[in-house]
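Peer 1: Sharing a structure, written as structure tokens. Questions coming.
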């Protein structure tokens, strides 16, 4: 399997690991996103609700109250771009 294929599978696996803990396996709730950020990216668990709300709303482009896989992948792409810029 190619590196890119492996990376894509890992993105899916991380999403699937957290999605559905609150019910819908196709989306991330705010609590699920909080867990993902804390465990996978070491974001402090005590992130203030206002900051989490603001961050969640920025990811939830269609304002349906959940983060879809498409919205999650867009977020990961933005993080990857920022990381690449910082390592130049």
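Numbering (our numbering), first residue to last: 15 to 102.
Ideal Cβ placement from N, Cα and C applies to all residues, glycine included.
1. Return the chain-ordered ranges of every alpha helix (DSSP H) run that is complete within the region 21-89 and spans a minimum of 4 residues.
2. Should residue 47 be labelled buried (16 or more other beta-carbon atoms within 10 Å of its own) or exposed?
3. Pairing CB atoms from the region 29-49 with CB atoms from the region 72-80, are three or more of them under 8 angstroms?
4. So the candidates are 61, 65, 29 and 59; which of them puts its Cα closest to the Cα of residue 89?
5. Answer yes or no: do residue 25 and residue 87 have a C-beta to C-beta separation smaller than 8 angstroms?
6. Consult DSSP for residue 98 and reduce its assignment to one of helix, strand or coil.
Peer 2: Put simply:
1. Whole alpha helix (DSSP H) segments, 4+ residues: 44-55 and 63-73.
2. Here residue 47 corresponds to residue number 33 of the chain shown, with the count starting at 1. Buried, by the Cβ-count rule.
3. Yes, the region 29-49 is in contact with the region 72-80.
4. Counted from its first residue, the chain shown places residue 89 at position 75. Closest by alpha carbon: 29.
5. Position 11 of the chain shown, counted from the first residue, corresponds to residue 25. Position 73 of the chain shown, counted from the first residue, corresponds to residue 87. It is a contact, given that the beta carbons lie within the stated cut-off.
6. Locating residue 98 in the chain shown gives position 84, where the first residue counts as 1. The three-state secondary structure of residue 98, taken from DSSP, is helix.
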